[in-house]
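Visitor: So the mapping is simple: the numbering used here equals the position in the sequence shown, first residue as 1, plus 27. Glycine residues also receive a C-beta, built at the ideal position from the N, C-alpha and C atoms. None of the values given here were measured: they were computed from a predicted structure.
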Amino acid sequence: MSENDFQNTEMENNPEFSEEQNPQETNMPEKEMPEQEMTVEEQSEEAAPVATLIVKKGGEMFQEWTIEELPVTIGRKSENNIVLDEKNVSRKHAVIDKKEDLFVIQDLGSTGGTLVNGEKVDESEIHTGDVITIGNFTIHFDSGLADDERTVYDADEKTMLEDDGTALDEDRTKFYEEPEATLKVIKADNLEGEFTIGEGETILGREDDADIVIDDSRVSRQHCSIKLENDVFVLSDLGSSNGTFVNGLKTDTKTLENGDKIQVGSAVFEFQSKMVTVEAPRSRVSIFIRGAIALGALALLSFIASKIIPSLQTHVPQAVIMQKVWEYNTRGAIAASPSLGDLNGDGFINLVAADANGMVYGLDARQGGLIWNSEFNSAAGPILSSPLLADINKKDGELDAVVGTATKGVFAIDGYTMRRIWVGRTSKIATSSPASADINADGTPDIIVGTEAGEVICLDGRQGGAAWTFKTQGSVRATPVLADLNSDQVPDVIIASTDARVYALNGKNGSQIWVRVETSEPSTAAVGYLNEDKVPDVVFATQSRLVALEGEKGAQLWAWDVPESARPTNADPFLPFAPALADLNKDGQMDVVVSTPGGHLYAVDGVSKGQNYIWDFGLTPARKSAPAMCDFNVDGVMDAAIGDNDGNVILVDGKTGHQLNSLQVGGSVIAAPVIGDLTSEGIISLAVGTKNRQIIAIQTQTKTKKNKIVWNN
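1. Do you know how far the Cα of Asp242 is from the Cα of Ile725?
2. Who does Met88 pair with in a DSSP beta bridge?
3. Find the nearest neighbour of Ile161 within the set Asp174, Asp175, Ile132 and Asp169, judged by alpha-carbon distance.
4. To the nearest angstrom, how far is the alpha carbon of Asn400 from that of Gly436?
5. Note down, in chain order, each residue of its chain lying with its Cβ closer than 6 Å to the Cβ of Lys636, except the 5 sequence neighbours on either side.
6. Out of Lys147, Ser151 and Gly385, state which residue places its alpha-carbon closest to the alpha-carbon of Ile123.
7. How should Ala582 be labelled, buried or exposed, when 16 other C-beta atoms within 10 angstroms of its C-beta is the threshold for buried?
8. In angstroms with no decimal places, state the Cα-to-Cα distance between Lys732 and Gly368.
9. What three-state label does DSSP hand Glu747 in the structure shown?
10. If you follow the beta strand (DSSP E) that Arg446 is part of, which residue opens it and which one closes it?
11. Measuring straight from C-alpha to C-alpha, what distance separates Phe296 and Leu210?
12. Within 10 angstroms of its Cβ, does Lys651 collect 16 or more other Cβ (buried), or is it exposed?
13. With 16 other CB atoms within 10 Å as the buried threshold, where does His627 fall?
14. Please classify Val379: does DSSP put it in a helix, a strand, or coil?
15. Take Thr282 and list the residues in its own chain whose beta-carbon comes closer than 6 Å to its own, dropping the five residues that flank it on each side.
16. Could you give the residue range of the beta strand (DSSP E) that holds Arg248?
17. With distances taken from CA atoms, which of Gly615, Arg594, Gly684 and Asp666 is nearest Pro648?
18. Take Gly292 and list the residues in its own chain whose beta-carbon comes closer than 7 Å to its own, dropping the five residues that flank it on each side.
19. Using only CA atoms, which one of Lys682, Asp169, Gly663 and Asn688 lies nearest to Ile669?
20. Which value, in whole angstroms, describes the spacing of the CA atoms of Gly286 and Gln299?
21. State the beta-bridge partners of Tyr556 as determined by DSSP.
22. Are Ser364 and Ala630 close, meaning C-beta to C-beta below 7 Å?
23. Measure from the alpha carbon of Gly225 to the alpha carbon of each residue in Gln616, Lys254 and Leu411, then state which is nearest.
24. Since Phe497 is in the beta strand (DSSP E), which residue starts that stretch and which ends it?
25. Spatial neighbours of Ser658 within its chain, please: C-beta separation below 7 Å, excluding the five flanking residues on both sides.
26. The beta strand (DSSP E) that contains Glu221, what's its start and end?
27. Thinking Ile398 and Leu370 are a contact (beta carbons under 8 Å), I'd like their distance in whole angstroms, please.
28. Measuring CB to CB, does Arg504 end up less than 7 Å from Ser550?
29. Where DSSP assigns a beta bridge to Ala649, which residues make up the other side?
30. Would you identify the three-state DSSP class for Lys730, choosing helix, strand or coil?
31. Using 8 Å as the cut-off, can you tell me whether the region 464–483 makes contact with the region 492–502, which would need three or more C-beta pairs spanning the two stretches below that distance?
32. Alpha carbon to alpha carbon, how far is Asn377 from Thr444? Give it in angstroms, no decimals.
33. Please report the Cβ distance between Ile737 and Ile711, rounded to the nearest whole angstrom; I am assuming they are in contact, meaning their Cβ atoms lie under 8 Å.
34. Can you tell me which residues form a DSSP beta bridge with Ile677?
35. Is Leu576 near Val565, with beta carbons less than 7 Å apart?
36. Return the first residue and the last residue of the beta strand (DSSP E) that Lys435 is part of.
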């Protein structure tokens, strides 16, 4: 809609301009009329007041409206007087009218609400200087009436008002109030004190380009942001892997209030905000001077940055090297990913792996030295799942190992002493790896695992007894994935079975939330935000397609059919593999990286909703493992690390799908690598297990935080 500017033009068009005030309409001869012009004050008194609305978007002028008739309606539909055609504006949003000679604005039951000076209102008087917020628009109101301006600065009786409603002291110094906010560190491994939140966007994340860097493997590269919007601070999750929590509740977007506790990974911050009085520039000259000083300072800083610290330039792709740093020989083949964590409390990363002979190994990840191995599982049959690391006994703050066996149930092992904590009796285990979460809120992680007998079992973390059991219609080989789907603050369980079903189970009691039936066995799921309903969504693969489901009710969001050439030609006992989520094309939407049975690695475009893929990596027909994700070439986009049946570990560029590098490790790799600073040198390394009975560590030259875990099993 074009801008409207209906102005009253001449005083004679004003009905209050009477005949007695117009000398041309009297009987007095023109030559006898006294030649006397009206003063400015007299003209001002005689002119009718004109109310105006100035509509802005993003600080820029959008529309100006002079109120000639009332009421004035505002909304998205074209029938309104002021049309704001955006989705966050309701069709009939608000109306401005008069009550007893006072202008009022009334919200018409809009979805997004109407704000006056930052406060949500159903109906409110409005005066000169008031700012109305509707969606992304601000409307600045001027009633045109004298003495109608609000006092926005609590000063003494001598305080005067400027024409925009802000306060002036006796010497005409202009003041206004603006919000100021801080984040106080309550808990964080590498942070202390408090941080000031500025007017721009403040990013919290684990990479150096974040404004507040949180050294925690559970924190995403750019995890969440806090931004000042219409005089309030708004927190937004930036598609993080593990979510952002405010006062214990997982949130996508939230207007922050004083005292709010924000949790990012294991770090906790307290938000505080207040209004502070700020002195405005005294004149346009002072504005020019201050601007010149700011530009000079900016130029100086730019010169220093270009000459002294060129290393701050980021996102320049670099070549990636790969070299083997150590190997460890096991008794049996490694069929699942190892796990990374600190077992002995020395601050360095350890690695735990299990083999097909029923052995469990604890290794120092720096050099591959053996910390311990466990033979108690030697009679328990092959271990085809990944060990889980969690602090089960809560005695030492160190991680313990939980392992599922083929015939003896689930074992919990003290990570430091190698002693058994408990044995969870279940029917025999297939390839389902355990997962953990504190389901019963007793401070100890509980264990969720699937069995070959078609059960999903939640074991109490303290003693190993069954808290609940859910019976499926097929064997369970997939790993449980945990996410809060029903918003009860307890993680729920997403798990697939061989009867071609994906189940969502209530974490509290194991009851079914929803079930999805496919045509073939689904993979372990990946969980992330694919729509705007603030509930985690679910993505899984089958032999023939990739499926995305809405997390709350299991409805299909989209599906992508695997090309015929990339489908399996024969049976594969390890089908299918879990996909991974990452924003590869920087469009703000998670894309999906998936390994297909026919030896391809695809990146499927999330924005296209399964209509297009970004790239296809398939140099050889060898079956490729599930992907692990890390930015190896430092270009700001996650890359994929995979193994294949030919014994190669391959790094694939996340932007283009081209091979960055590969290394032959001498044995088939059928499970995803794990990634982190294994050598404690601040450099990214990968670890894989092979069918050739080896665990192998590979180092790149990509820098990272010391002892950081980037991608676990």
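Guide: Reading off the structure:
1. 23 Å
2. Lys83
3. Ile132
4. 19 Å
5. Trp585
6. Ser151
7. exposed
8. 15 Å
9. Past the boundaries of the shown model lies residue 747; the chain is included only from 28 to 740, so the question cannot be answered.
10. Element bounds for Arg446: n/a, residue is neither H nor E.
11. 6 Å
12. buried
13. buried
14. strand
15. Val259 and Val261
16. Neither: Arg248 is in no beta strand (DSSP E) and is coded neither H nor E.
17. Arg594
18. Ile241, Asp243, Arg245, Val246 and Asn269
19. Asn688
20. 6 Å
21. Answer is none; Tyr556 lacks a bridge partner.
22. no
23. Lys254
24. Ala493 to Lys498
25. Contrary to the premise, residue 658 reads as Asp rather than Ser in this sequence. Taken in chain order, the residues that qualify are Val664, Met665 and Asp666.
26. Glu221 to Ile224
27. 7 Å
28. no
29. In the DSSP output, where bridge partners are listed per residue, Ala649 has none listed.
30. strand
31. yes
32. 14 Å
33. According to the sequence as given, residue 737 is Val; it is not Ile. The pair is a contact, with the Cβ atoms about 7 Å apart (cut-off 8 Å).
34. Ile669 and Ser689
35. yes
36. From DSSP, Lys435 is part of no beta strand (DSSP E); its letter is neither H nor E.
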